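Just add 705 to the spot in the sequence shown (first one is 1) and you have this note's numbering.
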Amino acid sequence: MAKLSEKYLQYNEDELTGAVEAVLFAAGESVSKDRLSDIFEITPSEVDLVMKRLEERLDKTQSGIELVRTETSYQICTRTIHADFVTKYLEIKRMSPMSKPALEVLAVVAYRQPVTKGYVEQIRGVDCSGIMNTLVEKGLVEEKGRLDAPGRPILYGTTLEFLKRFGLNSISDLPEIDDGQMKMPVEV
Numbered sequence: 706m707a708k709l710s711e712k713y714l715q716y717n718e719d720e721l722t723g724a725v726e727a728v729l730f731a732a733g734e735s736v737s738k739d740r741l742s743d744i745f746e747i748t749p750s751e752v753d754l755v756m757k758r759l760e761e762r763l764d765k766t767q768s769g770i771e772l773v774r775t776e777t778s779y780q781i782c783t784r785t786i787h788a789d790f791v792t793k794y795l796e797i798k799r800m801s802p803m804s805k806p807a808l809e810v811l812a813v814v815a816y817r818q819p820v821t822k823g824y825v826e827q828i829r830g831v832d833c834s835g836i837m838n839t840l841v842e843k844g845l846v847e848e849k850g851r852l853d854a855p856g857r858p859i860l861y862g863t864t865l866e867f868l869k870r871f872g873l874n875s876i877s878d879l880p881e882i883d884d885g886q887m888k889m890p891v892e893v
């Protein structure tokens, strides 16, 4: 083993291990050894030492997460033995009740698809970014392409999951509505 750097020796080993774990958790994806080396100002071989300690700690405590390594990066993930529980949780979260604004956005998308976020915002009169992202995460809305207009905004439409969740065979099974309920606002 090569001599340890001054910066590495300044760290408390447990605190450094915890800090690296926190960075991997926050990243939510793999982080390169070089990036970790830059963040903590330690050498790549010292990053490997920290990762070995982290892996040992996670294994020893039977943590629900494990360290996954490639040749050049590290990531923390759910242990395979716990995957069923996480899947159930995510499915429950995905199917949780929707707010009235989310249902309004979903209705506009369903009845007028494909639509841009801007179109939905004009109808509702408020920003819909967060709601649209949530509907995409829940698998109820997806990108259907791009509008052939300046900026090429994303076109959204409903998914097969939307049909399943609402007990529909196709979009044509949606109840009819008065067209006046979703007319574009007219500027005065």
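Each residue gets a CB set at the ideal place from its N, CA and C atoms; glycine is no exception.
Remember, predicted model here, so these are calculated numbers, not experimental data.
8 Å CB neighbourhood of residue i in its chain, flanking five on each side removed
i, result
"V820", "V813, V814, L860, Y861, G862"
"P890", "At P890, the pLDDT of 47 sits below 50, so the modelled position is not reliable; the number obtained from the coordinates is stated separately. Q827, I828, G830, listed in sequence order."
"V773", "S735, Y779, Q780, I781, C782"
Three-state secondary structure (DSSP) of residue i
i, result
"R870", "helix"
"G723", "helix"
"P890", "Since pLDDT at P890 reaches only 47, below the 50 mark, its modelled position is unreliable, and the value read off the structure follows with that caveat. It is coil, neither helix nor strand."
"T839", "helix"
"Y716", "coil"
"E761", "helix"
"K738", "helix"
"L754", "helix"
Nonlocal neighbours in the same chain, by C-beta distance under 7 Å from residue i, ignoring five residues either side
i, result
"V791", "T783"
"I770", "L763, I781, C782, T783, R784"
CB-CB length for residue i against residue j, believed under 8 Å
i, j, result
"T775", "S735", "7 Å"
"C833", "V825", "5 Å"
"I781", "L729", "5 Å"
"S710", "S737", "About 19 Å; that fails the 8 Å criterion."
"L759", "V725", "6 Å"
Residue nearest to residue i in terms of C-alpha spacing, selected from the options
i, options, result
"L754", "T766, L741, K765", "L741"
"T839", "P858, R817, P802", "P802"
"I876", "E761, T766, L811, I836", "L811"
"T722", "A731, K757, D743", "K757"
"G850", "K822, G872, L873, E842", "K822"
"K843", "L852, I747, D853, F867", "F867"
Contacts around residue i, its chain only, beta-carbon distance under 6 Å, and the 5 residues preceding and following it disregarded
i, result
"E848", "I859"
"E720", "none"
Which runs of the alpha helix (DSSP H) fall wholly inside the region 775-836 and span at least 4 residues, in chain order?
788-799, 805-817, 822-829
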